[in-house]
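K.L.:
Encoded as structure tokens, here's the structure I'll be asking about.
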Amino acid sequence: MAVRANPNLLKQLKRYGADDVTKCFHCGTCSATCPLSQEPFLFPRKSMRYLQMGLGDRLKGNLEPWLCYYCGDCSDQCPREAQPGETMMSMRRWLTAKYDFTGLSMLFYESRTAEVAAIIVVGILSGIGFYLLGALSGGDFGSYPGFIPGHNAEYLTELGWDVKSVVLVMAVFVLGLLGINVLRMWWFTTGSRKDLNVPFDIYMKHILLCPWHFFTQKRYSECDKKKPWVVHIILMLGFVALFAVFLAHMIWQDDTHAHTYLGPLAGVMLVGASSFALSGRLNKTEAHYKYSHHSDMNFLYMCLFVGLTGLAQHIAGRIGCGAFANFMYILHMMGAVPMLLIQLPFTKWAHLVYRPHAMYFAAIQADVIAGREGAKGASAVPHKQSA
Amino acid sequence: MTTECKIGVYVCSCGTNIGKMVDCDAVTGYTKNLPGVAVCKSYKYMCSNPGQEMIVKDIQRYGLDRVVVAACSPRMHEPTFRAAISHGGLNPYYLEMANIREQCSWVHDDHQQATDKAKALTCAAVKRVPFHEPFDMQSVPMNSASLVIGGGVAGLTAALELADANQPVYLVEKDGKLGGNLARIDLTSPYLDSAKDLLAERICRVTKNPKITVMLNSEVESISGYVGNFKAQIKSNGEAVTDIEIGSIIVCTGFREFDASKVGEYGYGRFPNVVTSFDLEKMLKEGRVVMKDGKTPKYVTIINCVGSRSGKYNRYCSRVCCMTALKYANGIKSAAPDAFITNLYTDMNAFGKGCEDFYRRSAERDTIFMMFDKHAPPTVSAAGKGEHFNMLVKVNEILSGEEVEIPADMVVLMVGMEAREDSMNVARLVNISRDKDGWFIESHPKLDPVATSTDGVFIAGACASPKDIPDTVAQARATTARILAKICQGEIWVEPVYAEINEDLCSGCRVCNELCPYSAIDYDPVKKRSAIISVMCKSCGGCVAGCPSGAIKARHFTDKQIFEQIEGVLEWASSRA
Amino acid sequence: MGFEPRIVGFLCNWCSYTGADLAGTSRIKYQPNVSIIRVMCSARIDPTFVLKALSMGADGVVICGCHPVDCHYISGNYKAMRRFPLLKKLLKEFGVEDERVRLEWVSASEGQRFSEVINDMTDKIRALGPSKIRVQLDADKVER
Amino acid sequence: MVKVLRTGVYICEAGTGAAGSVDLRMLAEYARELPSVVKVVECECPNPDPVSVGEQIRKDNFDRVVIAADSPGYFKPAFARAMSLAGKSPENVVLASFVGNGAGASGSTERAKAVICCAVSGVPFGLAASQRKKSVHPDTLVIGGGVGGIQAALEIAGAGKKVYMVEKLGTIGGKMAMFDKTFPTLDCSACILTPKMVSVGQNKNITLWTYAEVEGVSGSAGNYTVTVRKRARRVDEAACVSCNACSKTCPGEAPSEFDAGICMRKAIYIPFPQAVPNSFLIDEKACLWVTSGGQKCGTCVKKCAKEAIHLNARDEIVEITVGNIIVATGFQVFDAVKMERYGYGRLPNVITALEYERLTNASGPTGGNIVMKSLKYNKRKKVDEWVFGPDNPKPKNVAIIHCIGSRDHNHNRYCSRVCCMYSLKFAHLVREKLPDANCYEFYIDMRAYGKNYEEFLERVHEEGVHLVRGRTAKVEEADGQMRLKGEDIIGGKVLDFPVDLVILSVGLEPVPESEQLASLLGIARDEDGWYAEKDYNADPTGTERGGIYLAGVCQGPKDIPDTVAQASEVAARVIRSILSDQMQDSRNTLSLADIEDGLRRQE
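Protein chains in written order, with the numbering used here: chain A, 50 to 436; chain B, 131 to 707; chain C, 150 to 293; chain D, 143 to 745.
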């Protein structure tokens with residue numbers, strides 16, 4: 050079946066950072082250099098080809114961008130400086146926008162102003178909200194953690210507020226969005242492909258891959274360069290730890306152990322990793338730091354901001370500067386909420402959901418294809434061109 | 131005639147080129163015992179300095195008076211070994227070569243049979259060589275004037291080069307103006323310089339140069355004579371005939387473009403907005419990159435290799451189209467910045483200086499390159515109703531493995547180069563050969579790319595094979611090197627191989643007069659005998675075989691020599707049986 | 150060893166000999182039964198050359214020249230072409246089989262064709278068997 | 143009465159790069175003063191919009207537009223369209239190209255002014271800029287004794303003119319002498335080149351100095367004084383009969399340059415048996431006598447019956463006067479060690495193109511057998527070494543990788559022009575000599591552009607060579623077996639399969655001496671290091687300096703026929719200058735005033 054080339058796609062993708070993709074002349078170095086590129090997913094070259102030619106449908110149903118962790122080897126070796134790594138990154142941005150049914154993702158990716166404005170608006174609103182929450186619940190701004198809503202739960206209840214339900218509403222909102230988008234992702238990449246026809250048991254067989262990849266970033270460690278994986282996993286574990294602290298704090302009201310030790314540790318991890326990445330991006334130290342989309346920078350700034358304010362809050366609380374700690378707390382929330390509401394469902398942070406799912410879907414597809422090919426018998430010898 | 135010749139026989143193993151298939155020692159062992167052979171040796175590279183010196187030394191040491199070299203084709207190294215034996219004090223015509231490489235070791239795959247054949251060929255040479263006669267080179271004066279056929283960039287360059295050396299030149303151009311195919315071109319690849327300026331400068335210099343006689347609307351009617359002393363008749367404006375005398379001829383007749391309407395799939399002539407590269411060139415030059423309805427095209431597809439690299443049309447690559455296509459991609463982008471340009475190619479031939487960079491820059495300007503298999507070219511069809519463009523190009527894109535439809539408002543066909551329709555006439559006129567595609571054949575594809583098999587006739591530019599401007603200019607000037615060298619020498623040496631008539635045997639029947647295609651045989655009505663004008667004779671031997679009284683002798687190809695050779699090849703064979 | 154034909158080939162210098170060289174440079178293989186004698190033009194082929202070869206025990210003779218219109222000497226191949234039927238007539242009188250003597254056109258760019266001509270000629274002669282003269286000559290030799 | 147054309151001059155900054163060195167403001171001021179110029183527009187946009195430019199042309203009522211830029215051709219189609227939109231004749235768009243007329247490289251604002259001046263007058267720059275004529279010394283110097291130098295020297299000598307040839311190595315022949323076959327005819331390279339080398343050696347008009355270098359050049363067009371250092375061969379060329387007695391006992395060894403380093407030669411050696419001059423020479427770096435300061439060895443002197451060896455010979459400096467200088471210094475191949483991922487230098491059976499040429503050559507160290515390296519004990523050094531030997535095992539899978547160091551922004555950006563074809567030739571030889579071996583070609587674009595090249599490509603393909611699009615990424619070794627990893631793009635798979643011999647089709651690079659020689663001769667080099675020609679189209683072999691010409695690969699990668707054509711071209715120009723006893727002076731001697739003068743003469 051012939052597919053229609055759409056020259057406009059390239060123009061669009063340029064807004065997502067695919068500036069150099071037209072330089073590619075398809076020597077195949079990148080796909081063969083990449084240790085992750087394996088049958089049946091040969092990337093990045095083929096995805097770049099789809100992009101160049103404007104085969105939007107092929108691209109939309111393509112899992113390959115997610116299978117790349119961007120170690121930058123391909124970009125280093127590319128003879129034409131076509132930046133395959135960055136092109137894959139830009140395709141991930143574009144795919145995020147495509148999966149998102151609300152269209153907000155597209156708006157935030159295509160317009161820096163929109164993303165920054167959304168973050169600021171949500172930030173200010175949440176700042177006001179949390180201040181009011183603290184103040185209304187009768188918290189004392191001078192005492193720490195007296196101003197933190199969770200600590201004054203009884204007042205809140207009196208007021209008819211329930212932090213848990215606020216959190217729950219937010220979580221349902223975010224997870225609902227992401228859930229729908231993941232379903233869309235599944236439909237674009239796997240569900241709608243009639244040629245695959247995946248049996249249910251294969252879905253079940255690989256289901257554990259999702260959490261496995263989420264927590265280990267195993268695949269990233271298979272890149273030839275190991276450092277990016279280390280940075281990435283520190284950042285990721287920082288978030289996981291923070292999440293744990295948050296859960297412990299919010300749900301079980303436990304601020305003893307987790308809050309005391311895990312919190313600061315997570316904060317340090319977050320600050321360390323994000324400032325490393327940020328300085329890398331600003332100084333363009335490594336291949337994968339050379340090109341930065343506004344969504345990348347915004348995300349790292351936010352990480353750093355959230356990490357730093359969290360740490361400051363903690364330290365200030367410890368040394369008894371109550372007012373400062375509470376001020377930091379509000380700032381912290383002004384960062385954390387936009388991250389959760391804007392960046393998690395719509396921009397950079399969304400990859401935390403899509404990537405493990407991509408691994409999962411990819412494994413399913415590979416399984417189906419291998420089953421089919423196995424019958425035919427694959428060989429590693431180059432094919433013979435028609436004379 | 132000597133029967134007690136002292137023959138030296140040298141068998142070359144040419145590295146392993148001969149030695150791998152032919153047992154050279156067996157050949158020497160056999161040849162050594164043939165009558166007249168004084169010395170017989172085998173060596174790795176006879177043509178090398180040590181090899182040649184071996185012959186020279188042996189001539190002196192053994193007092194050799196004939197030399198046989200069993201090696202490669204005489205077309206390759208006969209001049210080399212002739213020079214060598216004359217260095218050793220022998221007349222160069224005392225040499226005979228046995229071709230045991232091109233016509234033996236390279237074409238057979240049985241060691242024994244190849245060795246046997248090599249023996250037979252060597253034996254034939256040994257039998258023939260005693261009947262060789264000594265000749266001295268003939269010297270004839272060199273006419274310093276030259277004829278340049280074709281007024282394109284090659285012709286203009288060659289003419290200027292000669293005229294700047296103060297030598298007279300006749301420049302014959304078929305058209306009413308100079309410039310040839312280059313005059314149709316606006317910018318050159320890959321640096322996008324102005325072709326107009328390039329040409330204007332040359333034409334101005336040519337027309338102002340008193341040494342150059344420009345003959346427009348003219349064609350060469352006939353050419354006679356030989357190197358250094360050609361006579362040509364030029365017919366101008368269909369009637370006036372000028373006779374000129376020249377010493378050398380440079381053929382720069384260029385190319386013609388492939389007729390795109392031959393390729394049905396591309397719809398040239400059927401769809402109004404399918405244009406050839408030359409059509410587009412004109413559109414760009416005139417600043418109207420528009421479709422037939424006057425609108426600016428939004429989607430432009432450029433298809434390379436139209437008529438080139440094809441099993442159906444021309445097999446060869448036309449060498450310049452890839453870079454020209456990039457030039458158009460840039461041109462269209464420049465004239466219509468909103469246009470999307472797709473270039474369909476088979477292999478991107480960006481091999482010249484600056485070309486790879488040009489390729490990259492075109493890619494940076496968002497030209498989309500799609501690759502197709504040269505045996506599965508794209509097709510052009512009309513777009514469906516309601517589409518916002520008017521054609522669809524379908525291509526099997528091999529870098530993605532997808533069958534792709536590309537919207538197109540305009541399709542540009544990069545037509546290849548072909549030999550001109552009159553190339554056969556030109557070849558006949560100046561007596562040179564053409565290859566299967568109609569391109570003129572050079573004397574040696576590697577080391578003598580501008581000379582031809584006819585002495586004094588040179589070829590330059592795209593009449594020999596497709597070429598870009600710098601290569602054409604280089605070739606055009608290269609042709610003048612040997613012409614100027616000969617002019618410097620003042621005279622030229624012609625091979626003394628021609629036919630001669632024995633007056634005593636000639637009956638004056640005049641059969642030969644009619645046979646000679648070069649009118650080199652004169653009949654003397656007083657003596658009632660015919661005689662051959664040696665410098666005009668090209669030694670075909672047609673008269674020799676045709677003479678009823680056997681009065682004509684073909685020098686170096688006498689009946690006796692050939693009989694001996696026949697005996698040689700057969701005698702050896704029968705002695706074996 | 151079975152019957153190996155001996156064939157003499159007369160090749161014009163400009164087209165056919167160059168074509169044979171091209172077969173060599175292209176490493177196109179053919180049977181080794183033809184020994185080549187170079188002449189400047191197919192018009193140089195005197196009928197006596199053919200007769201001489203046959204009388205010396207050749208099983209066949211092949212003459213190759215430029216294609217019509219392509220002769221380096223403008224019209225030499227036409228001369229050869231016109232002389233050839235006459236020669237054939239004579240040979241017929243002598244009882245020489247028609248296939249034994251051939252005239253073929255091989256251009257300078259037809260290495261492949263040259264090898265085909267040679268192979269075809271060799272195969273045909275091989276099928277035909279040795280020439281009567283050769284049989285006689287061989288018999289004479291044995292007697293001696 | 144000629145109507146004065148209202149001319150608008152557009153100075154476009156965004157050319158291709160070099161405009162930085164031209165003072166655009168001064169240029170604009172100069173252009174404003176020129177007759178018929180009504181307005182100078184400085185245009186910074188890299189992609190001027192034809193519609194808005196057209197508006198401006200209509201508004202200012204320009205009849206003619208001059209585009210002045212590094213490469214104004216980039217903008218020409220836009221301006222042509224703008225003119226036609228404005229209802230003016232697009233014929234009246236004139237280009238003033240800085241780079242094309244020598245103002246880019248030298249960065250001279252004066253030259254740029256002249257270029258604009260000519261464009262405004264509508265006279266091609268080349269016509270106005272005609273240099274002074276100088277008389278010519280009849281002798282010629284050819285630097286470099288490869289096929290280009292040989293061809294040029296023979297052509298000039300054939301005209302009866304004197305030629306000096308200076309070659310840095312011990313023999314002429316250059317790279318071509320090392321090749322086994324030449325594409326696409328598969329002529330044996332030595333067979334066609336050695337006779338030419340012999341003629342150079344024997345020609346009375348050619349003075350051949352091998353093992354020599356140009357040390358200094360002074361003077362001007364038509365009369366250059368050149369200092370040549372004839373390095374000490376330490377063997378008397380005339381006396382040596384190449385009997386080989388000396389090298390048999392010589393203890394010094396070095397990798398053979400002629401065999402591309404795949405085997406050793408002695409310290410006293412002849413580069414190859416057909417060398418011209420056919421004489422031995424001593425490699426002073428390997429010679430024990432030289433390195434020990436004359437203390438040790440010296441056995442060769444005793445062995446030489448002709449007393450041809452003079453170990454204490456000194457370099458000789460000679461000075462010659464010539465009218466023309468031909469530079470034909472050729473190339474070196476890309477150093478494949480730089481592309482670490484292919485393992486050259488690390489894996490023994492990864493070899494480069496020149497090494498393969500020698501490997502497959504009948505006169506090479508394996509007698510033309512295509513084999514793999516194997517470990518052999520070196521008694522002298524007491525270590526195991528990977529070496530080629532005629533009886534080594536033959537490879538079963540041979541991979542040929544194209545574009546090594548070429549078409550690559552990390553190395554050389556340009557295409558080396560010959561690698562595709564020589565790689566096809568390699569594949570053909572593999573198939574011919576090892577019919578059982580698999581042969582793979584990994585390419586990006588198959589550039590078979592010359593006469594009969596496409597036919598050769600098809601033939602090699604039919605011979606069963608696997609042509610794989612995709613340059614491949616790396617060669618690795620595991621358990622003594624090399625594996626090649628690459629993408630088969632058209633087949634749509636990633637390959638990872640065992641190979642026994644990998645041939646890297648290395649690209650061509652300027653010789654290391656080219657920088658020094660360029661400064662000696664006063665000629666420019668382009669950004670890739672090749673010598674810059676005067677004009678890409680019109681004068682591909684001339685330089686900015688009169689009487690100095692370029693032939694062959696030193697101007698940019700080229701195959702043999704193109705090199706030979708260029709060499710003949712250069713020879714033609716030299717003969718022409720001698721014949722007419724005049725040549726053009728160097729172009730940089732032209733001042734703005736000269737060009738303006740020239741312009742007036744044209745009008």
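Note that the Cβ used here is the ideal one computed from N, Cα and C, for glycine as well. Remember, predicted model here, so these are calculated numbers, not experimental data.
Is it right to say Ala354 of chain D is buried, meaning 16 or more other beta carbons lie within 10 angstroms of its own, or is it exposed?
P.N.:
Here residue 354 of chain D refers to the residue found at position 212 when the fourth sequence is read from its first residue. Burial call: buried.
K.L.:
Would you say Val745 of chain B and Ile599 of chain B are within 9 Å of each other, going by their C-beta atoms?
P.N.:
The first residue shown for chain B is 131 and the last is 707, placing residue 745 of chain B beyond what the model contains.
K.L.:
Go to Arg283 of chain C, then tell me how far its alpha helix (DSSP H) extends in each direction, as first and last residue.
P.N.:
Locating residue 283 of chain C in the third sequence gives position 134, where the first residue counts as 1. 281-292 is the extent of the alpha helix (DSSP H) around Arg283 of chain C.
K.L.:
Would you please state the rounded distance, in angstroms, between the beta carbons of Val308 of chain D and Val356 of chain D? I believe it to be under 8 Å.
P.N.:
By 1-based counting over the fourth sequence, the position of residue 308 of chain D is 166. By 1-based counting over the fourth sequence, the position of residue 356 of chain D is 214. Indeed they touch by this definition, with Cβ atoms about 6 Å apart.
K.L.:
Would you mind telling me which residues of chain B sit closer than 7 Å to Ala51 of chain A, beta carbon to beta carbon, in chain order?
P.N.:
Taking the first residue of the first sequence as position 1, residue 51 of chain A is located at position 2. Under the 7 Å cutoff, chain B gives Lys524, Glu533, Val534, Glu535.
K.L.:
Quick one: measure Cβ to Cβ for Met137 of chain A and Pro93 of chain A, integer angstroms, because I've assumed they're closer than 8 Å.
P.N.:
By one-based count along the first sequence, residue 137 of chain A stands at place 88. By one-based count along the first sequence, residue 93 of chain A stands at place 44. With 8 Å as the limit, Met137 of chain A and Pro93 of chain A qualify as a contact, their Cβ atoms being about 5 Å apart.
K.L.:
Can you tell me the Cα-Cα spacing of Pro280 of chain D and Lys304 of chain D, whole angstroms?
P.N.:
Taking the fourth sequence and counting its residues from 1, one reaches residue 280 of chain D at position 138. Taking the fourth sequence and counting its residues from 1, one reaches residue 304 of chain D at position 162. Distance between the alpha carbons of Pro280 of chain D and Lys304 of chain D: 7 Å.
K.L.:
Just the chain A side, please: which residues come within less than 7 Å of His551 of chain D by C-beta, in chain order?
P.N.:
As a working mapping, residue 551 of chain D is identified with position 409 in the fourth sequence. Residues of chain A passing the Cβ test: Pro128, Arg129, Glu130.
K.L.:
Please compile the residues from chain B whose C-beta is within a distance smaller than 7 Å of the C-beta of Thr683 of chain D.
P.N.:
Start at 1 with the first residue of the fourth sequence, and residue 683 of chain D comes out as number 541. Residues of chain B passing the Cβ test: Ala604.
K.L.:
Could you check whether Cys667 of chain B and Cys646 of chain B sit closer than 9 Å to each other, using their CB atoms as the reference points?
P.N.:
In the second sequence, counting from the first residue as 1, residue 646 of chain B sits at position 516. In the second sequence, counting from the first residue as 1, residue 667 of chain B sits at position 537. Yes. Within cutoff.
K.L.:
Using the beta-carbon of each residue, which ones in chain B are nearer than 8 Å to Cys167 of chain C?
P.N.:
Within the third sequence, residue 167 of chain C is the residue found at index 18, counting from 1. Residue identity check: residue 167 of chain C is Thr in the sequence provided, not Cys. Near Thr167 of chain C (Cβ distances below 8 Å), the residues of chain B are Arg205.
K.L.:
Under 9 Å between C-beta atoms, does Cys120 of chain A make it to chain D?
P.N.:
For this step, residue 120 of chain A is matched to residue 71 along the first sequence. No, Cys120 of chain A lies away from the interface with chain D (no Cβ there is under 9 Å from its Cβ).
K.L.:
Output the residue ranges of the alpha helix (DSSP H) runs that lie fully inside the region 437-469 of chain B and measure 4 residues or longer, sorted by chain position.
P.N.:
If we require 4 residues or more, the alpha helix (DSSP H) runs fully inside the region 437-469 of chain B come out as 451-465.
K.L.:
Using three-state DSSP, classify Leu245 of chain A as helix, strand or coil.
P.N.:
Position 196 of the first sequence, counted from the first residue, corresponds to residue 245 of chain A. DSSP places Leu245 of chain A in coil when its eight states are reduced to three.
K.L.:
Identify the contact partners of Lys627 of chain D in chain A, using a Cβ-Cβ distance below 9 Å as the criterion.
P.N.:
Here the question's residue 627 of chain D lines up with position 485 in the fourth sequence. Those are Ala81, Thr82, listed as they occur along chain A.
K.L.:
I want to see whether chain B comes within less than 9 Å of Thr136 of chain A, judged by CB atoms only; does it?
P.N.:
As a first step, residue 136 of chain A must be located in the first sequence, where it is residue number 87. Cβ-Cβ to chain B under 9 Å: no for Thr136 of chain A.
K.L.:
Could you pull out every unbroken beta strand (DSSP E) segment of at least 3 residues lying fully inside the region 413-474 of chain D, listed in chain order?
P.N.:
As far as the region 413-474 of chain D is concerned, its whole beta strand (DSSP E) runs of at least 3 residues are 458-464, 466-469.
K.L.:
So, is the C-beta of His432 of chain A closer than 9 Å to a C-beta in chain B?
P.N.:
On the first sequence, residue 432 of chain A is found 383 positions in, with the first residue counted as 1. For His432 of chain A, the predicted model reports a pLDDT of 45, less than 50, meaning its position is unreliable; a value from the coordinates is still stated below. Not closer than 9 Å to any Cβ of chain B, the Cβ of His432 of chain A fails to qualify, so no.
K.L.:
Report buried or exposed for Gln708 of chain D, applying the criterion of at least 16 other Cβ atoms within 10 angstroms of its Cβ.
P.N.:
On the fourth sequence, residue 708 of chain D is found 566 positions in, with the first residue counted as 1. Burial call: buried.
K.L.:
Take Ala146 of chain A and list the residues in its own chain whose beta-carbon comes closer than 6 Å to its own, dropping the five residues that flank it on each side.
P.N.:
Translated into positions along the first sequence, residue 146 of chain A becomes position 97. The residues are Ser154, Met155, Tyr158.
K.L.:
Report yes if the C-beta distance between Gly620 of chain B and Pro340 of chain B is below 9 Å; otherwise report no.
P.N.:
Counting from one through the second sequence, the residue named residue 620 of chain B turns up at place 490. Counting from one through the second sequence, the residue named residue 340 of chain B turns up at place 210. Result no, Cβ atoms of Gly620 of chain B and Pro340 of chain B do not sit closer than 9 Å.
K.L.:
For chain D, check one thing: does any of its Cβ atoms lie closer than 9 Å to the Cβ of Gly356 of chain A?
P.N.:
The residue you call residue 356 of chain A lines up with position 307 of the first sequence. Output row for Gly356 of chain A: interface = no.
K.L.:
For the alpha helix (DSSP H) that Leu258 of chain A lies in, which residues bound it at each end?
P.N.:
For the purposes of this step, residue 258 of chain A is taken as residue 209 along the first sequence, with counting starting at 1. It spans 258-265 - the alpha helix (DSSP H) in which Leu258 of chain A sits, taken as one unbroken run.
K.L.:
Does any residue of chain B bring its CB to less than 9 Å from the CB of Tyr411 of chain D?
P.N.:
Within the fourth sequence, the letter at position 269 stands for residue 411 of chain D. False, the Cβ-Cβ gap to chain B never drops below 9 Å.
K.L.:
Any idea what DSSP makes of Val607 of chain D, helix, strand or coil?
P.N.:
Locating residue 607 of chain D in the fourth sequence gives position 465, where the first residue counts as 1. Of the three classes helix, strand and coil, the one that applies to Val607 of chain D here is coil, per DSSP.
K.L.:
Taking the alpha helix (DSSP H) that Ile173 of chain A belongs to, which residues open and close that run?
P.N.:
The residue labelled residue 173 of chain A in the question sits at position 124 within the first sequence. Run containing Ile173 of chain A: 161-185, per the alpha helix (DSSP H) assignment.
K.L.:
Here's a check: name, in chain order, each residue in its chain whose Cβ is nearer than 7 Å to the Cβ of Val167 of chain B, leaving out the five neighbours to either side.
P.N.:
Here residue 167 of chain B refers to the residue found at position 37 of the second sequence. Correct list, in chain order: Ile137, Val139, Thr161, Val256.
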